[in-house]
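Here the sequence shown stands for residues 1 to 522, numbered as in full-length UniProt numbering. Working notes, beginning with the structure itself.
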Amino acid sequence: MEQITLFILAIIPILVIFVGLVFLRLSGTLMSIIGWIVTAIIAILFFNTAPDIAVYASWNGILASFGISLMVLFTILQVTMMDVTGAITAITVYIKSIAAERYEQIMILNVGFGSFLVSIGATPVTMLPPIMLALGFSPLAAVALPCLGYDPLTSFSLLAVPITLPATVYNLDVSHLGNNIALFLPIISTGFALSMLWVADGIAGVKKGLVPAIIAGLTLGFSCILFVHILPPSAIGLVGVFSGLVTIFVLFLLRALKGKPIIARLDKEEIARAGMPLWKAVLPWLLLVVFCIIISIPVIQTGLYGLLGPLQKITIVANKSVDLKILNQAYFWVMISTLIAAPVLIRTKEEAQKIVTVWARRAWAPTVAAAALFAVAYIMDWSGQSVINNTLTFAPGMSDLNMNAVIGLTLALVFGVGFPAVSPILGLFGSFVSGSETSSNVMFYGILKKSTDVLNLDFMKVYAAHAVAGGIASGIAPAKIINAAAVIDSLGIEGEVIRKCASVAIILTLITGAMLVAFIYL
Numbered sequence: 001m002e003q004i005t006l007f008i009l010a011i012i013p014i015l016v017i018f019v020g021l022v023f024l025r026l027s028g029t030l031m032s033i034i035g036w037i038v039t040a041i042i043a044i045l046f047f048n049t050a051p052d053i054a055v056y057a058s059w060n061g062i063l064a065s066f067g068i069s070l071m072v073l074f075t076i077l078q079v080t081m082m083d084v085t086g087a088i089t090a091i092t093v094y095i096k097s098i099a100a101e102r103y104e105q106i107m108i109l110n111v112g113f114g115s116f117l118v119s120i121g122a123t124p125v126t127m128l129p130p131i132m133l134a135l136g137f138s139p140l141a142a143v144a145l146p147c148l149g150y151d152p153l154t155s156f157s158l159l160a161v162p163i164t165l166p167a168t169v170y171n172l173d174v175s176h177l178g179n180n181i182a183l184f185l186p187i188i189s190t191g192f193a194l195s196m197l198w199v200a201d202g203i204a205g206v207k208k209g210l211v212p213a214i215i216a217g218l219t220l221g222f223s224c225i226l227f228v229h230i231l232p233p234s235a236i237g238l239v240g241v242f243s244g245l246v247t248i249f250v251l252f253l254l255r256a257l258k259g260k261p262i263i264a265r266l267d268k269e270e271i272a273r274a275g276m277p278l279w280k281a282v283l284p285w286l287l288l289v290v291f292c293i294i295i296s297i298p299v300i301q302t303g304l305y306g307l308l309g310p311l312q313k314i315t316i317v318a319n320k321s322v323d324l325k326i327l328n329q330a331y332f333w334v335m336i337s338t339l340i341a342a343p344v345l346i347r348t349k350e351e352a353q354k355i356v357t358v359w360a361r362r363a364w365a366p367t368v369a370a371a372a373l374f375a376v377a378y379i380m381d382w383s384g385q386s387v388i389n390n391t392l393t394f395a396p397g398m399s400d401l402n403m404n405a406v407i408g409l410t411l412a413l414v415f416g417v418g419f420p421a422v423s424p425i426l427g428l429f430g431s432f433v434s435g436s437e438t439s440s441n442v443m444f445y446g447i448l449k450k451s452t453d454v455l456n457l458d459f460m461k462v463y464a465a466h467a468v469a470g471g472i473a474s475g476i477a478p479a480k481i482i483n484a485a486a487v488i489d490s491l492g493i494e495g496e497v498i499r500k501c502a503s504v505a506i507i508l509t510l511i512t513g514a515m516l517v518a519f520i521y522l
């Protein structure tokens, strides 16, 4: 009974956030802050966590969130500049000339281009919602589709940080991990492609775009399997980049085979409505893509890091520190690409002032929410620990009194040999709370290792399924939904989006669990 009580206490923060968003329809920012406070109180009162450790964990989480929170901050600036200057309008006009059918727009933008963007470190949840809205999609679809589009290859996002970071921390074979993750992706990517059609246009949309969705999903998944095998471990960050590009190519090829023009000729009226040439409209994104590819080169990564070196390493407490790696982060280059493109796009002082005003209004809420959700994740991860001999660790007998450990071990005890079927739920849970698959992969490594050792299961397969489910969670992660809603001034829609996408996330997670059972036992 005590174990069940602790389990219920450990999941209360996630339940509070979920209920507040979905049923009470409160804002994501408010619920992230409330969830933060509730997590700290529970960790202190029931999980042997000193108040100062909760504070240190929160600070660590806030700093660790910069890869997402500052990405939110600067991508909203970039998209706001493109919106106010008319670049988004121009891009929309040109997209309509490429893909006139709604299902084609969904596949090309959210499956192909979205996977490419997230793989290089850009954020489709910020870049694509204004375009989807301008194309005529509802605000709910404009938010939900890019969030779902973040998912299919999210383990290979951010130049594959969700894979390489835990592999480095825990000395795992990055290729072996990548291969195991890729095995799930043909089915999961196809599931996402079909789900996007359903979210946008219901069953009618699925019927109309069924074939392109299946082709897009399978192309994305099998491309991933191929590139994981043929690229060296040092280039695993390019798996998602190449897979996204191949998918875009196949979708355009499919249009050509149907006798549709790859790019329709715009008439004078459409050119006038665009207001600027395409190269100018997409200049911030072109610069960002170039910068992200350049900083993915190992020798350049090393050189950039060396410019600031230990100055960017911040000690939190005892042996815990956060290395910001500022010049190696995509958010820094989002800011640089925005500043470089600004003189080309911004025409007047009044336009510049409007950009700053709208940015300030849009950006603060999702930035705060992302930081608060990371704080929640790190309090849960550090709960039950204390500083002993200048090391944050568990005192003797305290290792099981950790919120994450309680959740993982309870599931292992309850489900036994059936644990693989439900273990991906931990990935869904971890990414929902933190908004980051990377954080979820790092936080739950120890739990999954302990559980699989106890049950004598193949750890790498279980860990791969956990990572896949962490990617699936992006479709319902408050941090990402708040981000997407903010750029189209639709904050408050978060609960509606989660309600719409929750069934997608749950079904795909259960499918992941079923595939894991097959991989392990068959």
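All residues carry an ideal CB built from backbone N, CA and C; glycine is no exception.
- Residue state for residue 426 is assigned as helix, using DSSP reduced to three classes.
- Setting aside the 5 residues that flank it on each side, residue 321 is surrounded in the same chain by 313, 314 and 315, each with a C-beta closer than 7 Å to its C-beta; the list follows chain order.
- In the same chain as residue 273, and ignoring 5 residues on each side of it, the C-beta atoms closer than 6 Å to its own belong to 93, in chain order.
- By the Cβ-count criterion, residue 255 is buried, with 16 or more other Cβ atoms from all chains shown falling within 10 Å of its own Cβ.
- Taken atom to atom, the span from the alpha-carbon of residue 474 to that of residue 435 is near 7 Å.
- According to the DSSP assignment, residue 367 belongs to the alpha helix (DSSP H) that extends over 349-382.
- In the displayed model, residue 157 falls within coil according to three-state DSSP, outside both helix and strand.
- C-alpha of residue 281 to C-alpha of residue 389: approximately 56 Å in a straight line.
- In this structure residue 115 is in contact with residue 220, their Cβ atoms being roughly 6 Å apart against a cut-off of 8 Å.
- Counting every other CB atom within 10 Å of its CB across the protein chains shown gives residue 199 a total of 16 or more, marking it as buried.
- Within the DSSP bridge table, the entry for residue 314 names 322 as partners.
- Residue 426 places its beta carbon less than 8 Å from that of residue 408.
- Straight-line measurement puts the Cα of residue 451 at about 13 Å from the Cα of residue 421.
- Collapsing the DSSP output to three states places residue 297 in coil.
- Around the beta carbon of residue 229, fewer than 16 other beta carbons sit within 10 angstroms, so the residue counts as exposed.
- In the DSSP assignment, the residues bridged to residue 386 are 393.
- Annotated as proximal: residue 17 and residue 32, with beta-carbon spacing under 8 Å.
- For residue 156, the closest of 479, 516, 495 and 467 by C-alpha to C-alpha distance is 467.
- One alpha carbon belongs to residue 306, the other to residue 504, and they sit about 43 Å apart.
- In the structure shown, residue 101 falls within a coil segment according to DSSP collapsed to helix, strand and coil.
- Between residue 288 and residue 334 a beta carbon distance of about 6 Å is seen, short of the 8 Å cut, so the two are scored as contacting.
- The continuous stretches of alpha helix (DSSP H) do not include residue 346, and DSSP gives it neither H nor E.
- Taking the Cα positions, residue 372 is about 13 Å away from residue 14.
- The alpha-carbon of residue 110 is positioned some 7 Å away from that of residue 145.
- Rounded to whole angstroms, the gap between the alpha carbons of residue 153 and residue 347 is 38 Å.
- Cβ-Cβ distances below 7 Å link residue 387 to 317 and 318 in the same chain, with the five nearest sequence neighbours on each side left out; the list follows chain order.
- DSSP places residue 431 in the helix class (H, G or I) of the three-state scheme.
- Taking a 10 Å sphere around the C-beta of residue 299, we find fewer than 16 other C-beta atoms and assign the residue as exposed.
- Restricting attention to 209, 286, 453 and 235, the CA atom closest to the CA of residue 158 is found in 235.
- DSSP places residue 240 in the helix class (H, G or I) of the three-state scheme.
- Annotation: residue 216 to residue 205 spans about 15 Å, alpha carbon to alpha carbon.
- DSSP places residue 495 in the uninterrupted alpha helix (DSSP H) bounded by 494-521.
- With 16 or more other Cβ atoms inside 10 Å of its own Cβ, residue 78 counts as buried.
- In terms of Cβ geometry, residue 485 and residue 250 do not form a close pair [threshold 8 Å].
- Listed in chain order, the non-local C-beta contacts of residue 191 below 6 Å within the same chain comprise 508, local neighbours out to five positions each way being set aside.
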